[in-house]
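Just add 1057 to wherever you are in the sequence shown, counting from 1, and you've got our numbering. All C-beta atoms in this analysis are idealised placements derived from N, C-alpha and C, irrespective of residue type, glycine included. Here is the structure we will look at, set down as structure tokens.
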Amino acid sequence: RVLKETEHHHSLLQPMQEAIIRGQRDARAEAAVKLAISTKAAAIFVITKSGKTAEEVSRFRPSLPIIAFTPNERVQRCLALSYGVTPLLVPFAEDPEETVNEAFELAKKMGIVKKDQQCVLVSDARAHNQNVGTVQIRSIA
């Protein structure tokens, strides 16, 4: 009964809900969702320590899966309650790119994505010895 009611409500949702942009982080989340929809990406991958970035992406209710990678079990459990989010545990390396590669391998191993599919990645990248927030299109190797 719950499943049928949920599916009914899910079918009424628009591909992307409009949400109020409250700052740079919300703008980045909205950009990731719009980019994923327009490029027909297989999923949105979010690398997050606190879970906030994945929750921000979830606010826009994308019609494709949000895969959140976190090193924290508590954050993983909390993210399981967010719309469209599948949280997975991944240890974070000092270099963000190593973490991204580890996340992609886990997603492939679990059958979430396949080789040569595209995904949108929301993460930090190294630039001039500091981390900067990015939204990228990546192909699964």
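Subject >> Range of the contiguous alpha helix (DSSP H) that encloses F1149 >> reply: Segment: none, F1149 is in no alpha helix (DSSP H) and carries neither H nor E.
**OP:** State buried or exposed for V1189, treating a residue as buried only when at least 16 other CB atoms are found within 10 Å of its CB.
**Re:** exposed
Original post:
What residues match up with G1190 in a beta bridge as DSSP calls it?
Top reply: D1181
Subject >> Cβ pair R1183, P1153 closer than 8 Å >> reply: yes
Subject >> Per-residue DSSP class, three states only, for R1118 >> reply: coil
Subject >> Cβ shell of M1167 (< 8 Å), same chain only, five flanking positions each side left out >> reply: L1145
Subject >> Proximity to F1102 [Cα-Cα], best of Q1174, V1059 and H1185 >> reply: Q1174
Original post:
To which residues of the same chain is R1082 closer than 6 Å at the C-beta, ignoring the five residues directly before and after it?
Top reply: E1113
**OP:** Look at the alpha carbon of K1227 and the alpha carbon of S1196, and state the distance between them as a whole number of angstroms.
**Re:** Lying before the first or after the last residue shown, residue 1227 is absent from the chain, which here runs from 1058 to 1198.
Subject >> Inter-residue spacing [alpha-carbon to alpha-carbon] between A1198 and A1089 >> reply: 20 Å
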